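First up is the structure itself, then whatever we jot down about it.
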Amino acid sequence: MTATHIEQMIEDPDGRTQAVLVHVGESPLAWLHARGHLSERHYLAGDMLRRDWEKAGLSARVTMRWNAAPHSANSGGGASDPTLAQLSARNRFDRAIEAAGPGLADILWRVACAGEGLVAAEKALGWPSRAGKLVLTLALDRVAGWYRVS
Numbered sequence: 000m001t002a003t004h005i006e007q008m009i010e011d012p013d014g015r016t017q018a019v020l021v022h023v024g025e026s027p028l029a030w031l032h033a034r035g036h037l038s039e040r041h042y043l044a045g046d047m048l049r050r051d052w053e054k055a056g057l058s059a060r061v062t063m064r065w066n067a068a069p070h071s072a073n074s075g076g077g078a079s080d081p082t083l084a085q086l087s088a089r090n091r092f093d094r095a096i097e098a099a100g101p102g103l104a105d106i107l108w109r110v111a112c113a114g115e116g117l118v119a120a121e122k123a124l125g126w127p128s129r130a131g132k133l134v135l136t137l138a139l140d141r142v143a144g145w146y147r148v149s
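Each residue of the sequence shown is one higher than the one before, starting from 0 at the first, in numbering that gives the first Met the number 0.
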């Protein structure tokens with residue numbers, strides 16, 4: 000593992016957990032955390048929000064889904080049912096965004112979920128330079144409380 004990569008555990012859509020190397024430059028939250036601009040608590044809360052956003056299928060798809068037909072009611076369903084997992088993730092994501100509150104959720108979504116850098120997010124929102132880090136930290140603090148990250 001190099002200084003530009005961190006090891007992270009991810010869960011694929013089938014619920015399998017695996018370790019992957021993540022390039023720090025690809026994640027604005029990881030970049031900020033690696034340079035001491037975000038606490039571990041804030042980083043973990045932002046990463047949980049991003050995972051719920053991805054698991055809920057809220058990001059734009061760039062390919063077609065080639066999955067087989069949906070499972071029948073006799074196939075076990077339950078917690079491993081992708082639809083139930085997506086709905087649960089969507090509910091968690093919506094509640095976390097509500098916890099961040101109006102005015103804070105915009106930059107939180109842009110940086111944690113959409114992968115925009117702080118400078119780009121500030122420009123898109125019409126904010127002054129350096130305002131984004133403070134607002135992002137406030138939003139992450141609220142989301143960390145909602146996810147019960149200590």
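The C-beta atom is built at its ideal place from N, Cα and C for all residues, glycine as well.
Predicted model only: the values in this text are computed from it and were never measured.
Option nearest Val142 by Cα separation, candidates Gly35, Met47 and Ala33: Checking every option, the nearest Cα to that of Val142 belongs to Met47.
Whole-angstrom distance between Ala55 and Leu133, CA atom to CA atom: A direct Cα-Cα distance of roughly 28 Å separates Leu133 from Ala55.
Val118 burial status per 10 Å Cβ neighbour count (16 or more: buried): Exposed, since its Cβ has fewer than 16 Cβ neighbours within 10 Å.
Pairwise C-alpha distance: Ile106 and Leu37: Ile106 has its alpha-carbon roughly 15 Å from the corresponding atom of Leu37.
Rounded distance between the beta-carbons of Leu31 and Ala111, thought under 8 Å: The Cβ separation is near 10 Å, so there is no contact.
Sequence-distant residues of its chain with Cβ nearer than 6 Å to Ala138 (five each side left out): The residues are Ala99, Leu103 and Leu107.
Beta-carbon proximity of Arg129 to Ala120, cut-off 8 Å: One thing to note: Arg129 has its Cβ no nearer than 8 Å to the Cβ of Ala120.
Neighbourhood of Ala44 by C-beta distance below 7 Å, restricted to the same chain and skipping five residues each side: Counting only Cβ-Cβ distances below 7 Å, and skipping sequence neighbours, we find Leu139, Val142, Ala143, Tyr146 and Val148.
Assigned exposure category for Asp51 - 16 Cβ within 10 Å defines buried: With 16 or more other Cβ atoms within 10 Å, it is buried.
For Leu57, the three-state DSSP class (helix, strand or coil): Secondary structure of Leu57 (DSSP, three-state): coil.
Secondary structure of Val110, DSSP reduced to three states: Helix at Val110.
Straight-line Cα distance separating Leu57 from Arg15: A straight-line Cα-Cα distance of about 20 Å links Arg15 and Leu57.
Local Cβ density within 10 Å of Ala18, reported as buried at 16 or more and exposed below that: Ala18 should be labelled exposed.
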